[in-house]
Amino acid sequence: MVGPGCDGLSILWYQRLVKFGALRVQSKAQPTLLGRPWGMLGPMECLSSGGGSTCDDDEARGKESTSWSSLPLADLHRHLDGSLRPETVVELASARGLDVPSDLPFVAGMGLEAALARFEFTLSLLQEPESVRRVASEICEDAVDDHVTTLEIRFAPQLHRGAVPEEIVDAALDGIGSRAGLLLCGLYGEPPTVLEHLVSIAQSRPGVVGIDLAGGPAPGHSFGLSDYGPAFRRAETLGLGRTVHAAEGRGPGEIAVAIEELRAQRIGHGTTLLNDPAVLDLVLERGTVLEACPTSNYQVGVIETVASHPIARWVQLGVAVCVNTDNTLLSRVTVSEELSRVASIPQMTTSAVRSVIQTGHSAAFRRR
Ligand SMILES: [Zn+2]
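In our numbering, the protein residues as written are 2 to 369.
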């Protein structure tokens, strides 16, 4: 699934990143390679061998993008611990005497388990409130540079052990200011009491607009999706938004459980939705929003190419869909790049691209 040179390019990119980032940590200028900002580098080339777009599509992509590239964009699914600036990774690692792994970014077809393991390093840099505050603020700045006007940032404060979760959440909110909504993530397999505590933390903090269940189920887990129902239903009563990572290559039954038992209004990924007409009907009936992250899905290996992502079919069927980055660092993608890739999917019309952008704005959680 990865063409010749893709892995090589990734490694080269990261070696250069570390080299230049280490030299330029005090500079606001971003590290560059081949004269382009880091955020523009790599994915297009890598995806050309297995993704939905090819470099030959540049002209067509340009035509598509001109119709929507001036629009304000939205990103509702961006993980704080996967969206650090490369130079911030270098600086925080250096301050801790750590070497940056050369294989930190996602690579195509790596699998969800391997992808989740990549967060261990970034999390090691984000244990203290100050680093959380800094990265939250930088994510907001980066979003502005990408024309994003509607942004939600999510993270699991219980994984940042340099302070109690309340202090970690307050640090994130301080870094964000009023520039984005914050979502708190429970994790598949955790005791439901963890998520229940996150809901309590959110209750007194209006900047927290919703909750999420992130990661994925594993054979050794003692708790299943339904076990998080009480915490999600309490969140509903408090006016918090609810989203769930579900059907990320796994069966669509997770989507039904998330909607019916966890009161999910949005679903993260949901790539297998069309495998069950009854679940599709449920999504349409409830107006559930699908948070599509095609580049991440391709890298994790739950879709074979970006072009094979079902987003165009979803839109045709009337499913509400938005396009998101998931992790700007680890997936090496921006919202505008992700939209370019989605626009290059043959069945994705210009009006469909516009509709997914609009859904990104309208589906943002607003605290009641
Ligand atoms: Zn995610």
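The C-beta atom is built at its ideal place from N, Cα and C for all residues, glycine as well.
- Residue state for glycine 252 is assigned as coil, using DSSP reduced to three classes.
- Residues Gly176 of the same chain have their beta carbon placed closer than 6 Å to that of serine 138, with the five preceding and five following residues left out of the count.
- Closest in C-alpha terms to serine 227, from the list Phe120, Gly208, Ala247, comes Ala247.
- The C-alpha of leucine 124 is placed about 7 Å away from the C-alpha of leucine 160.
- The C-beta of serine 71 has fewer than 16 other C-beta atoms within 10 Å across all chains shown, which makes the residue exposed.
- Within the DSSP secondary-structure output, leucine 185 pairs in a beta bridge with Phe156, Ile212.
- Burial check for threonine 194: the Cβ neighbour count within 10 Å stays below 16, so the residue is exposed.
- Look at the stretch 75-130 and you find these whole runs of alpha helix (DSSP H), each 4 residues long or longer: 87-96, 113-118, 120-125.
- Between alanine 181 and glutamate 153, the beta carbon gap of about 6 Å places them in contact (Cβ cut-off 8 Å).
- Under DSSP, histidine 270 takes part in a beta bridge, and its partners are Ala247.
- Of Pro347, Ile169, Asp327, the smallest CA-CA separation from valine 209 is found for Ile169.
- The count of Cβ pairs closer than 8 Å, one atom from the stretch 93-102 and one from the stretch 337-344, stays below three, leaving the stretches out of contact.
- Below 8 Å, enough C-beta pairs join the stretch 275-285 and the stretch 251-259 to call them touching: three or more.
- About 21 Å separates the Cβ atoms of histidine 270 and glutamate 237, ruling out a contact at the 8 Å cut-off.
- Closest in alpha carbon position to tyrosine 299, among Tyr229, Gly110, Thr329, is Gly110.
- If only complete runs of 3 or more residues are kept, the stretch 274-361 shows the beta strand (DSSP E) at 290-293, 321-324, in order along the chain.
- Look at histidine 310: its beta carbon is at least 7 Å from all of the heavy atoms in ligand 1.
- The alpha-carbon of leucine 174 is positioned some 12 Å away from that of proline 158.
- Spanning the alpha carbons of glycine 252 and aspartate 100 requires a straight line of approximately 38 Å.
- The C-alpha of histidine 310 is placed about 11 Å away from the C-alpha of glutamine 348.
- DSSP places valine 258 within a helical segment (H, G or I) once states are collapsed to three.
- For isoleucine 140 and serine 179, the gap between their C-alpha atoms comes out near 13 Å.
- In this structure, aspartate 143 has its beta carbon at no less than 7 Å from each heavy atom of ligand 1.
- Distances from the CA of aspartate 104 to each of Ser363, Arg333, Val307 were compared; the closest alpha carbon is that of Arg333.
- Looking at the DSSP output, glycine 242 sits in a beta bridge with Gly211.
- For the pair leucine 214 and valine 245, the CB atoms are nearer than the 8 Å cut-off.
- Counted as a single uninterrupted DSSP element, the alpha helix (DSSP H) harbouring histidine 198 occupies residues 193-204.
- DSSP, read as helix, strand or coil, puts valine 165 in coil.
- In this structure alanine 203 is not in contact with leucine 188, their Cβ atoms being roughly 16 Å apart against a cut-off of 8 Å.
- Close CB contacts of valine 301 within its chain, under the 6 Å cut and outside five residues either way in sequence, are with Leu113, Ala116 (chain order).
- For tryptophan 69 and histidine 222, the gap between their C-alpha atoms comes out near 44 Å.
- Relative to ligand 1, the nearest heavy atom lies less than 7 Å away from the CB of alanine 215.
- Here leucine 85 is near valine 136, since their CB atoms are less than 8 Å apart.
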